Amino acid sequence: MAKQRSKSILRAGWMSVVVVLFLLVTTTVASAEEEAVTVEQVAQGLSTVWVLVGAFLVFFMQAGFGMVEAGFIRAKNACNILTKNFLDFCMASLGFFIIGYGLMFGDGNGFMGLKGWFLLGLEPTMAGIPLYAFWLFQAAFCGAAATIVAGGMAERMNFPAYLIYSFIISALIYPIVGHWIWGGGWLSKMGFGDFAGSTVVHTVGGFAALVGTSILKPREGKYGVDGKPNVLAGHSIPLASLGVFILWFGWFGFNAGSTLGVTDGSTIGLVAINTNLAAATGGIAAMLTVWKRFGKPDLSMAMNGALAGLVAITAPCAYVDPWAALVIGAIGGYIVVRGVEFLDRLRIDDPVGAVPVHGMCGVWGTLAVGIFGKSSLWLAHSGLIYGGNPTQFGIQMLGSLVTVGFVVLAMGAVFKLIDKTVGLRVSREEELRGLDIGEHGMEAYAGFQIFTTS
Amino acid sequence: MAKQRSKSILRAGWMSVVVVLFLLVTTTVASAEEEAVTVEQVAQGLSTVWVLVGAFLVFFMQAGFGMVEAGFIRAKNACNILTKNFLDFCMASLGFFIIGYGLMFGDGNGFMGLKGWFLLGLEPTMAGIPLYAFWLFQAAFCGAAATIVAGGMAERMNFPAYLIYSFIISALIYPIVGHWIWGGGWLSKMGFGDFAGSTVVHTVGGFAALVGTSILKPREGKYGVDGKPNVLAGHSIPLASLGVFILWFGWFGFNAGSTLGVTDGSTIGLVAINTNLAAATGGIAAMLTVWKRFGKPDLSMAMNGALAGLVAITAPCAYVDPWAALVIGAIGGYIVVRGVEFLDRLRIDDPVGAVPVHGMCGVWGTLAVGIFGKSSLWLAHSGLIYGGNPTQFGIQMLGSLVTVGFVVLAMGAVFKLIDKTVGLRVSREEELRGLDIGEHGMEAYAGFQIFTTS
Amino acid sequence: MAKQRSKSILRAGWMSVVVVLFLLVTTTVASAEEEAVTVEQVAQGLSTVWVLVGAFLVFFMQAGFGMVEAGFIRAKNACNILTKNFLDFCMASLGFFIIGYGLMFGDGNGFMGLKGWFLLGLEPTMAGIPLYAFWLFQAAFCGAAATIVAGGMAERMNFPAYLIYSFIISALIYPIVGHWIWGGGWLSKMGFGDFAGSTVVHTVGGFAALVGTSILKPREGKYGVDGKPNVLAGHSIPLASLGVFILWFGWFGFNAGSTLGVTDGSTIGLVAINTNLAAATGGIAAMLTVWKRFGKPDLSMAMNGALAGLVAITAPCAYVDPWAALVIGAIGGYIVVRGVEFLDRLRIDDPVGAVPVHGMCGVWGTLAVGIFGKSSLWLAHSGLIYGGNPTQFGIQMLGSLVTVGFVVLAMGAVFKLIDKTVGLRVSREEELRGLDIGEHGMEAYAGFQIFTTS
Amino acid sequence: MKLIIAYIQPHKLNDVKQALFKAEVHKMSVTNALGCGAQQGYEESYRGIKFEVNLLKKVRIEIAVNQDFVERAIEAIIQGARNGQIGDGKIFVLDLPECIRIRTGERGNEAIG
Amino acid sequence: MKLIIAYIQPHKLNDVKQALFKAEVHKMSVTNALGCGAQQGYEESYRGIKFEVNLLKKVRIEIAVNQDFVERAIEAIIQGARNGQIGDGKIFVLDLPECIRIRTGERGNEAIG
Amino acid sequence: MKLIIAYIQPHKLNDVKQALFKAEVHKMSVTNALGCGAQQGYEESYRGIKFEVNLLKKVRIEIAVNQDFVERAIEAIIQGARNGQIGDGKIFVLDLPECIRIRTGERGNEAIG
Ligand SMILES: Nc1ncnc2c1ncn2[C@@H]1O[C@H](COP(=O)(O)OP(=O)(O)O)[C@@H](O)[C@H]1O
Ligand SMILES: Nc1ncnc2c1ncn2[C@@H]1O[C@H](COP(=O)(O)OP(=O)(O)O)[C@@H](O)[C@H]1O
Ligand SMILES: Nc1ncnc2c1ncn2[C@@H]1O[C@H](COP(=O)(O)OP(=O)(O)O)[C@@H](O)[C@H]1O
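Protein chains in written order, with my numbering: chain F, 1 to 454; chain G, 1001 to 1454; chain E, 2001 to 2454; chain V, 3001 to 3113; chain R, 4001 to 4113; chain P, 5001 to 5113.
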C-alpha cells in the first residue's frame, strides 16, 4: 500500500463526509427517511458480508482439521480420517439444520431451545443479519466441534460408530451447551464470557475426545509392555503443517466473525490482532518448551502450540488488550506441551493432541477471560488483574466446570451406548492392516512404497 | 449469477438512489448531488468488495480443481495435469480479456456480443460494480469451465493440444453460451434461470469433457480385453480431499458472489445456506449409494457427491428454499455414483468423474430450477411443484438441451481439428512411462519410491 | 461469538438507527449530525472489513510460501523449511509488534520512526481504519518479507541462526525501508511509487536472500568439480503447485488490500484485474521461454513465472492500465527464467528461485512504475511512455538502488555476525543426512520409502 | 531347488504373472529396483538444468522353484516380458540349497510351493 | 557362510528382530516386497470397480551368517514370525562363498559379523 | 559367473557407479534397503517421545559378472564406497550358475554383459 495514495483516498473520503454533514445540516425531513433506510440496509449488508466471509473461513477450517489429523497419523489410516472429517461436516450441516439450531437458538428455557426445527417459524433476521447467514456461521462452528473428536479417536474407531456419534454431537450435545452460553441460556444470563467459543466449541470437542479416546483404549503398539510410550509417527508433516496454516487462517473468521456486526470496525480489528498475537506466542512458547525439554525444536509441537494459543484466545479475544493476548497465547503454548506429556503418562492415547489443544486450552482460555477481561470491552465484570474482583473469574470457572462435567457424562453415555450396539473399535487385525483397507477398501497413496512396521 | 436477477437487485438499488437524489434535489439542489454520491458510493463499494472476494474464492477453486484432478490420477501424470490446470487459467485470463468478455457481455445480437475487445470502449461500471471487478469475477468463472475438461481427458492428452483447446474454449465457446444466458442473449430473454452457472459453466465444461474423452479413447489398460474396467487408482487421496474442501470453500464465492450486489444481504444469505446444504446432502447421498452398491463407503465417491451437490445447486441457489436445496443436492449425489457406473459400462474413460459431476449434475441443476424454483425469488415463473405450470421447466429443458447440443458439436469440431493438426493424444510409449517425463521432463515426486505397474 | 455481546452491538446499531429516524422525522439541524456519523461509520467499517480480509489473505500466503519452498527442496529438509517458515511468521508478529511498527509508522525522521513501541501511545485509527486492523495488515507483509529468505538459504542454514535472522529483519531492517516508502520517510516525500511493495517487501526479501545464499555457499553437490550445476530436484511438485495457487490467491489481498480504503470500489477493481493479468502473462511468458530454451514446458518455471508477474505488478498495480499489466507481467516471466540461469552461471545456489522472483522482479516492478505509471491514477508523475518525462523513472531507480544497497550492506553485516557467533551453516554430515533429522529429530514422511542419493 | 531372479519392465509384470500362473508357478516375491543396463536412459530438465537419468525403473521378481519347474518358469518369464527391445530384462538363476515354510517348519521341496 | 533370505509379515518385523538379537544375530538388511503366495488377497473397490489385490505387502530380510549360526538364525526367525496362519512367510538359504567388509577389506568369516 | 551384492551408504552410490564404469562394469541393479549393522543409529523425538532409529538407510547393489570381472568389481565398489568409517557397508558374492537375456534368449557368459 502506498502511504500517500491511501492518504489521498482518505482525504477524498473525509471530504465527502464533511459535505454530507453540511448538506444534512441544511436539509429537510421527507428525504431523510429514504436516506436512513438505505444506510441501514447497507449496514446490514456489510455485517452480512462480514459474517458470511467468516462462515466461509470457518468452513475452510474443516480442511485444516482434515490435513492436520491426516498428517499426524499413519498413512494406512489417512483415507479413514479424511472420510470422517468430510462426513462429519455433512452430518453436522444436516443435524444442525434439522434439530440443532432450534435447540441452540430457538426460544425455550435456560437449558435448551425448543423452536425452529428445520429453521421453520423463525424471524428472517437474527442478531441483525439474515437468519440464513447466521445459521451458516453457526453451522460451521458446530462442524468444527464435531471434527475435533475425530483426531483424538483416530486410527482405531469404527466408521459407522463415528457417523452416529457425529450426528448426535452436532444435533444434540453441542447445541445444548451452545444454548447455555450463546442462546440466552442460564450461563449467558449469569454474564459468562465466551466470545468465540473456547468453551462452546473447543472445551466440548476436546473433552468429548478425551472421553472417547479413554473408552477406546490406546492404539495397538502405542504403549510397550513396560508402559513406555512408543512413537507412531505421523506420515506427512507437510500436510499437517498446511493444515495448521489453514486453521490459523480460518480462525480469523472464527474469532473476528463472531462480532456478527461490523459497525465502524474497531471491535473486529481488536479481535483480529489478538487472535494473531496469541497464535504467534503460542507457537514460540511451545517450541521453546519442547526444545528445552527434549533437545530439539519439534515442528509438530510448535504447530500444536499455535493452535493452543488460538484456542486459548478464542474466549477472551474481544475482552482483552493485545498485551494480554501475548500472555494468554504463550501460556497456551506451554500447556499443550506439558499436556501431551501428561496424557502419555496416564497412557491416554490421543494421536493428534486434540485433548491438550482443544480441551485443556479451551478451559484455560475460558478462565483467562476472568483474569484479563475488561468490563470496558463489553464484558460483564472486569477480570482479576483489574481490581481483583473475582466475580467474573468465578462465573468462568463455574461455566467451564459444568460444561466439562456435562460433556463427559453425556458423551460417555453416548460412546458406551454406541460401543454396546454397533461397536466403537475395529478389530485388531483391521487396525494392524489399516482402516483404509478395512473400512473403505482403498489406499491413500496408491503406488507409493510405504514401509513401516507400526 | 443470473443476469436478470442481478438486474432486479440493481434496479432496486438504483431506484432508491434515484429517490434519494430526487429528494435531495428538491431540497437544496447544488449540494444534493454530493450527498447522494456518498451513500451510493459506499453501497457500490460494498458490492465491489463482495464480488471481488467472490472472484478471489472462485480463482482459488483453480487450486481445488488442480488438487482433485492430480490426486485422482496416477503419480506419473501429476505434473502434467497441474501444468494444464495452471496454464489454462493463464490462457483463460488472456483469452477472456482479449475476446471472450466482448463476446459474452458486449452489445451484440441474441447469439453473441460484438463489442469490448480488450475491454476497450466500455462503461466504467457494469451491473453496478466497477467493470474491472466484474471482469475478474467472470474471468475466474471462465477459467473454471476450461479446467473441468482437463480432468476428463487426463493422463493421455497432448500438452500443446491442451493449450490450444483451452484458449478456444475460454475465448469462444464459453463466452457464446454465456452470452445467451447472462449476456442478454436469447435464452436470457426467454427467462431461462441459471443463477450461478450450472449450465454456463458446468454443463459446458462437463460435456466438453465428454466429447474430448470419447474422441481420445480410454487410457491404456483401463478396460480389459473382456471390456471389464480395471482400476487405475488415484495416487493421493489426501490431495484430492484437500481439493474438494477448497472447491467447496470457493463455491461459496461462486454462488453467493453471483448476486453481484449485496444490498441488505438477504439474498446472499439464502444462496450461501443453499450451497452448503446441497453439498452436504450430495456427499451423504453419494456415500450411502456407493456403500449400498459396493459394500464400502468410498471416500472418493463421497467427495464427488459433494461436488455433484454443489454443481446441482449452482443454477437454483437463489431461486429455491433450503429444503429444496437438501433434495437437489441429494439427487445430485445419487446421480454421480450411477453416472460413473454408467460411463464405465459405455467404456467412456473419465479419470476424475468430470462428466457425471459437471455434465450430468449441471443438467440436473438446470432442470431443478424448473421444478423447485419460486417466482417470488426473482425467477420468471414458478417451478413444477408450485402450481404445476410447466413453462419454466420447459425453458430450462430447452436451454439445457441446446447448450449440450452446441457444446458437443462445437467442441467435437475443435477436438477433431486439433487431432488432425497437432494431434490430441500422446504416443502409447509416452503414456506408459507417464506424461510427466514425456511432456515436461520432470517427476512429481523426486526421490519417492513409487511402484506400480499401471 | 457471544450472544450478549452481539446483542449489545446490535442494540447500539439499531438504537442509532432509531435515533436517526426519530431525529430526521422531527428534523432540524442538530439531528443531521447523528445520521452523518452513521454513514461515516459504515464507510470505515467497510474499509476495515476490506483491509482485514486482505490481511487474512496475506497471512495465508505464509502457507503458500511454505508449500512452495518445501515442495522445491528435497524431502530430507522439508520439516526444517516448514519450521522456519512457521516460526518466522511468529517471530515477525512479535518483532513487528514490539519494535517494528514504531520504526516503520511511528513519528520520527526521514530515516525511521521513533514512536509506538508495543503499539502504545498511538491514535486509535490509522489511515482511516482502526489501528489494530492496520497493524495486522502490515504485520502480515512483514512476515512475507522475512520468509522469502528461507527459500534462498534452504537445505543448509542452521536453525537458531534463522530464528535470530528472522527477528532482526522483521524488527529492524524491513521496518526501516518501510518507513522510507510508506511511513512518511524520505522516499515517500520524493514521490516514490510502490503501491503494494515490490520494493518494500520483495526487493528487501529477495536481496536479503541473495546476500544470505552467497555467504552460505552452495549446497553439497550442487555444482560439480567442473562447475556445472547438478539437479537437486524438488521432492513434491504438487505441493509446490498448491503453494503457488495459494500465493496467487493471497496476492489479491496483498495488492488490492493495499488500497486501505474502499470508497466506491473502482481502485480495488483496477488493482485486482492488474494483479491477475500480470500473473497470467508471467506464467505464460516463463513457460514459453523455458520451452524454447530447454525444449520442455517446465511447470516449476511456469509457476515461478506467475510469481514473477505478481511481484512485478505489486508496485505499479494501482498506477497502470490493464494492458500495461500484461506487459509488465510478461517481462517478469522472462526475467525469472533468465535470472535462474544467470545465478547458476555465477554458482550462486538459490534452491527455490527467491532471488530472481523477488529480488530481480521486485526491481523490475519498481522501475515499471516509472515507465507505465499514470499521474491520473494518483502517481506523482506520469511514466516514460506518457510524455517521456523521466522524473518518476529517476525516483524509482534511485529508490530501488538505495534499497538494494542498504539491504545488501545491512543484511551482509547481520549474516556475517551470526556466522561468527552461532554459525550460519550446518555441518556437512548433517547436510547430507538432512536437516530434518539433524535439527529437528524428525522425518517429514515417516514410512514412505524415499530413495535418492542426493 | 533354484532361486530365480528376474528383472523386467514394470509394465510387463501383469503379463509375466499371467504367464507364470499358466505354467503353474503361483508363488513369487516382487520388489522395485533401478536398473542400469544396455537400455539408454532419458533426459530430464529441471529449472533450466538438463540431466540424464540412467537408472531406469525395473521390477525385480524372485521365485524359488523345484528343479523341474526351472525351465518352465524361465520360459514363462521370457514369454511374458519379451518385447524384442533393449531393456526387456534379464534372468539370473541361483542354487537354492534350503527352503523353510515358517508356518509349518517344513523344509525343502515340500516347503517351496 | 550362508545367505538367509526370509519373507515375513510386516508387523512381525519387530518380533523377528528381537528374536534374532537374542540369538546374537545383530546384522541384517531389510527391504519391503510384495508377495504372492498361498495367502489370499483382499478386495478393494475404487470408484465403483472392485479389484483383488493379490500382491501382499511383505518384509524381506537378508542375513549373512557363518555356518554355525544358520540354524539359530532360522529358529529365531520362525519363532518371531510364526502365527500358524497362511501368510507367515518363507525362508530361503543360499550358499555364500565370499563376504567382504568395505571399511577394512577383511574377507570371509571375519567380515560377516 | 558370480552375483555380487553390496550394501553401501546412499550418498556413495554415485562414486561407486563411477568406479564401476571405470572398471568396465556397466550393468547393475539398485534397490534401497534398511540396514542393521555395527553402525549406531540416531535418536529422533516426536511429540515428546524419544526413540532410536536402528535401521539405517542403505543402498543395495546387485551385479552379475563373469568370473574375470569379480575382483575388479569388488575393488571398484570398495574404492567408491570406502570412508574408513563404520557403516561403509559390505559385499557378498554368490555363485551364479545361469543367466538369461530375455530379449534374445542368450544364456550364460554372453548374456551377462
Ligand atoms: N549384469 C547385471 N547385473 C545386475 N543387473 C543386471 C545386469 N544386467 C542387467 N541387469 C538388470 O536387468 C535390466 C535390464 O537389462 P538390459 O541390459 O536393459 O537388457 P538387455 O539384455 O536387453 O540389454 C537392467 O536395467 C538391470 O536392472
Ligand atoms: N516359491 C516362492 N518364491 C518366492 N517367494 C515366495 C515363495 N513362496 C513364498 N514366497 C514369499 O513368502 C511370502 C509368504 O508366503 P505364503 O505362501 O503366504 O506362506 P505359506 O508358506 O504360509 O503359504 C509370499 O508372500 C512371498 O513373498
Ligand atoms: N551379516 C549381514 N547380513 C546382512 N546384511 C549385512 C550384514 N552385515 C552388514 N550388512 C549390511 O551392510 C550394512 C553396513 O554394515 P556395517 O556393519 O555398518 O558395516 P561395517 O562392516 O563397517 O561395520 C548394514 O547396514 C547392513 O545393511
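Yeah, the Cβ is synthetic: ideal placement off N, Cα and C, and Gly gets one too.
Keep in mind that this is a model prediction, so the values were computed, not measured.
- Relative to ligand 3, even the nearest heavy atom lies 7 Å or more away from the CB of I4077/R.
- Exposed is the label assigned to H4026/R, since fewer than 16 other Cβ atoms lie within 10 Å of its Cβ.
- Against chain G, the CB of N3083/V has no partner CB under 8 Å away; the residue lies outside that interface.
- Cβ contact annotation for Q5018/P (same chain, cutoff 7 Å, sequence separation greater than five): G5080, in chain order.
- Less than 8 Å separates the beta-carbon of I2313/E from that of G2365/E.
- Per the DSSP secondary-structure output, K4057/R pairs in a beta bridge with L4034/R.
- Residue side-chain check: S5029/P places its Cβ nearer than 7 Å to a non-hydrogen atom of ligand 1.
- When C-alpha distances from K4002/R are compared across C4099/R, R4107/R, R4103/R and S4029/R, the shortest belongs to C4099/R.
- Relative to ligand 2, E3062/V has its C-beta within less than 7 Å of a heavy atom.
- Taking a beta-carbon distance threshold of 8 Å, T4104/R does not count as an interface residue toward chain V.
- Nearest CB-CB separation between Q1449/G and chain V: below the 8 Å threshold.
- The beta-carbon distance between V2042/E and A43/F, rounded to whole angstroms, is 5 Å. This is short enough to meet the 8 Å contact definition.
- Bridge partners of A4006/R according to DSSP: I4061/R and I4091/R.
- Counting only Cβ-Cβ distances below 7 Å, Y445/F has contacts in chain G at H1235 and S1236, in chain order.
- Taking 8 Å as the CB threshold, S2382/E stays off the interface with chain G.
- A direct Cα-to-Cα measurement between P2356/E and G1102/G gives close to 36 Å.
- Here S1376/G is exposed, its C-beta having fewer than 16 other C-beta atoms within 10 Å.
- Within the segment 1406-1435 of chain G, the residues whose Cβ lies closer than 9 Å to any Cβ of chain V are, in chain order, L1432 and R1433.
- Using a Cβ-Cβ cut-off of 9 Å, R2293/E is close to nothing in chain G; its nearest Cβ partner there is about 13 Å away.
- Under the Cβ distance rule, G2441/E counts among the residues neighbouring chain F, one pair being separated by less than 8 Å.
- Relative to the Cα of E1040/G, the nearest Cα in the group F1096/G, I1129/G, I1099/G and N1080/G belongs to I1129/G.
- Ranked by Cα distance from I5005/P, the options F5092/P, A5111/P, P5097/P and T5104/P are led by F5092/P.
- Around the beta carbon of K3090/V, 16 or more other beta carbons lie within 10 angstroms, which makes this residue buried.
- For D5088/P, the shortest separation between its Cβ and any heavy atom of ligand 3 lies below 7 Å.
- Within the segment 97-176 of chain F, the complete alpha helix (DSSP H) runs of at least 4 residues fall at 101-105, 131-152 and 159-168.
- A residue is called buried when at least 16 other Cβ atoms come within 10 angstroms of its Cβ; N2109/E does not meet this threshold and is exposed.
- With a cut-off of 8 Å on Cβ pairs, the segment 1077-1086 of chain G is in contact with the segment 1159-1177 of chain G, counting three or more such pairs.
- Burial of Q1062/G is indicated by the presence of at least 16 other C-beta atoms within 10 angstroms of its C-beta.
- The count of Cβ pairs closer than 8 Å, one atom from the segment 1375-1390 of chain G and one from the segment 1416-1433 of chain G, stays below three, leaving the stretches out of contact.
- The residues R5060, in chain order, have a CB closer than 7 Å to that of T5031/P in the same chain once the five nearest residues on each side in sequence are set aside.
- Here C5099/P is bridged, per DSSP, to F3092/V.
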